[in-house]
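Beneath this line is the structure, given in structure tokens, with notes to follow.
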Amino acid sequence: MITMATWTRQELEELHPDGSVSVQVDDIVTVMSTDEWSAWIEQQVGTEKPEEELP
Amino acid sequence: MATNFPSSLDSFTNPSGTDAMDSVTVPHATQHTNLNDAVEALQSKVGVDGSAVTSSLDYKVAQQGLTFIKSQTIGSGVSSVTVSDAFDSRFDNYCVTMNSAVSSSAGASLRVKVGSVATGYYGAMEDTQYTGTQSTSTSNNASDLTVGLISSVLGENAMTLYVYNPNITGQRTAFTSLGHGYNRAFRGGGQVTNTSAQTSLTILPAFTTMSGGTIRVYGYNNG
């Protein structure tokens, strides 16, 4: 049985720090508020990490 | 001189303010005749509304298979990109391309939504790695539809998404997708059960952000 590594909140916060994630509607890019960002991060905790790319 | 248009462009001699009405070089009546002929030739070339004349521009435009609607450059570090006014009543079906975007993580699923619809997406997306390993991602009454893959490698990510009936009230919107990303070729299909007319499309990488690249939307001629 293969067990895939999953994301922790700390790893996700390091990958996507608060203030680095935006939502885009047409040409308008809006940085997520801290609450929106936190909820977005929380959705990903426990999901499988992607494998590294082949060359 | 009768007009040469549309075989070739006319070259008229303009009268000057001092030319007499009966000028030998630019007779007044001839000026009107030339202009009238040229305007009629232009009208013939353009064609009337719904023209059946195959040489007219109106006819040729009506026969065009794909009409470019809009393009959207993807910003930096965005978790979703909404393209508004992508769908309207002129077309039943659409082709959406996306290329040259990268994800902030090594790889991620690409998902889509229409309008503000956030439930009732059903479908499946199959992918095959270069090693031959295959996998399937499913959407079962999900909040969006998985249609493809994206990686962090610039240039390898490309997707063509076909969207059917998004702006037709009373019909579900269906999707099919083809593409490449994250060392995999993928194909997918699905639907959303909402039957309201939608005008916008949102593309979002799952659990990551994406940057760069362009989304382009084209409408298929209904014929």
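So the protein sequences, as listed, match chains A and B. The numbers in the first sequence follow this note's numbering, run straight up by one, and end at 47. The numbers in the second sequence follow this note's numbering, run straight up by one, and end at 352. Every residue gets a Cβ at the ideal spot worked out from N, C-alpha and C, and that includes glycine.
Compare the Cα-Cα distances from residue i to each of the options and report the closest residue.
i, options, result
"B:N312", "B:D187, B:N269, B:D256", "B:D256"
"B:S304", "B:V276, B:T328, B:L283, B:G284", "Reading the sequence as shown, one finds Phe at residue 304 of chain B and not Ser. Checking every option, the nearest Cα to that of B:F304 belongs to B:V276."
"B:D139", "B:D148, B:Q160, B:P156, B:V246", "B:Q160"
"B:K416", "B:R240, B:V155, B:T211", "Not covered by the structure: residue 416 of chain B. The range shown for chain B is 130 to 352."
"B:S306", "B:L278, B:N323, B:T322", "B:L278"
"B:R345", "B:I297, B:Q320, B:N228", "B:N228"
"B:T298", "B:S340, B:S218, B:G319", "B:S218"
"B:G244", "B:N222, B:A215, B:M254, B:A271", "B:A215"
Residues in its own chain within less than 7 Å of residue i by CB, not counting five upstream and five downstream?
i, result
"B:T337", "S232, S233, S234, A237"
"B:D166", "A131, T132"
"A:T(-2)", "G38, T39, E40, K41"
"B:Q258", "N312, R313"
Quick one: list the residues of chain A neighbouring residue i, beta-carbon separation under 7 Å, in chain order.
i, result
"B:Q201", "D18"
"B:V231", "Within chain A, no residue comes near B:V231; the closest Cβ sits about 11 Å away, beyond 7 Å."
"B:S206", "The sequence as given places Gly at residue 206 of chain B; Ser does not occur at that position. Within 7 Å Cβ-Cβ: S12, V13, S14."
"B:V210", "Q16"
Can you give me the Cβ contacts of residue i inside the same chain, cut-off strictly under 8 Å, excluding the 5 residues immediately before and after it?
i, result
"B:V182", "S173, G176, Y188"
Mind checking residue i: buried by the 16 CB within 10 Å criterion, or exposed?
i, result
"B:M150", "exposed"
"A:P9", "exposed"
"A:D19", "exposed"
"B:Q192", "exposed"
"B:T331", "buried"
Checking the sheet assignment: what are the DSSP bridge partners for residue i?
i, result
"B:V212", "B:L330"
"B:G308", "B:M288, B:F315"
"B:S264", "B:D256"
"B:Y251", "B:N269, B:Q320"
Mind checking whether the beta-carbon of residue i lies closer than 6 Å to any heavy atom of the ligand ADP?
i, result
"B:S306", "As presented, the structure is devoid of all ligands, the ligand ADP included, so that no description of it is given."
Taking residue i as the query, report the chain A residues whose CB atoms sit under 8 Å from its CB, ordered along the chain.
i, result
"B:G318", "In chain order: nothing, as chain A lies at least about 23 Å away."
So which residues of chain B does residue i contact, with C-beta pairs closer than 7 Å?
i, result
"A:Q36", "F336"
"A:T39", "F336"
Quick one: which chain B residues come within Cβ less than 8 Å of residue i?
i, result
"A:E43", "A235, G236"
"A:T26", "By Cβ distance, chain B contributes nothing, its closest Cβ being about 14 Å from A:T26, past 8 Å."
In its own chain, which residues sit with a C-beta less than 6 Å from the C-beta of residue i, not counting the 5 before and 5 after it?
i, result
"A:I(-6)", "Unreliable positioning characterises A:I(-6) in this predicted model, as indicated by a pLDDT of 46, which lies under 50. A coordinate reading is not provided."
"B:T322", "G249, R301"
Who are the neighbours of residue i on chain A, taking C-beta pairs under 9 Å?
i, result
"B:S213", "V17, D18"
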